[in-house]
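J.: Encoded as structure tokens, here's the structure I'll be asking about.
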């Protein structure tokens, strides 16, 4: 177990799919989350949709490269397969406009690189409506609807 992990959150067992075609980014995000979440690495949206039917996620962390390749209708397909799941897009920090486009097209928020473990966990907690340990994060910083 990593330092700074809250046991109550780890026992809550929220399921997160990390969907990225880049194996290194996927593994890094899964590592950041695996102590407090049931985090699954998924290499494609097709696999995420298939897996969602058997193990519905609470949150889908999605690489910006996937909606760029498959179009914004990807959000509707993911929502159909996992209606309760929130979708959080991981974007390059210089591409905030694309993150806003994704939110306007169906994503629930975006997370900009560089990825820091504390911020990733806080953002995921906020998306899932979980307590952030007494820390208040303004909604305009979180970039979600």
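Residue numbers (the numbering used here): 380 to 524. For every residue, glycine included, the Cβ atom is placed at its ideal position computed from N, Cα and C.
1) Find the nearest neighbour of residue 490 within the set 393, 397 and 423, judged by alpha-carbon distance.
2) What three-state label does DSSP hand residue 454 in the structure shown?
3) Can you give, in chain order, each stretch of the alpha helix (DSSP H) that sits fully within the segment 423–500 and has at least 4 residues?
4) Bridge partners for residue 419 per DSSP, in chain order?
5) Would residue 441 and residue 466 qualify as a contact pair, given that the criterion is a beta-carbon distance under 8 Å?
6) For residue 434 versus residue 420, is the C-beta spacing smaller than 8 Å?
7) Three-state secondary structure (DSSP) at residue 507?
T.: In short, the structure shows the following:
1) Distance check between residue 490 and each of 393, 397 and 423 places 397 closest, using alpha-carbon atoms only.
2) Helix.
3) List check, alpha helix (DSSP H) in window: 424–433, 444–449, 452–460 and 475–483.
4) As a beta-bridge residue in DSSP terms, residue 419 pairs with 396.
5) Yes; because the gap between Cβ atoms is below 8 Å, this pair is in contact.
6) Not in contact: residue 434 and residue 420 (Cβ atoms no closer than 8 Å).
7) Reduced to three states, the DSSP call for residue 507 is coil.
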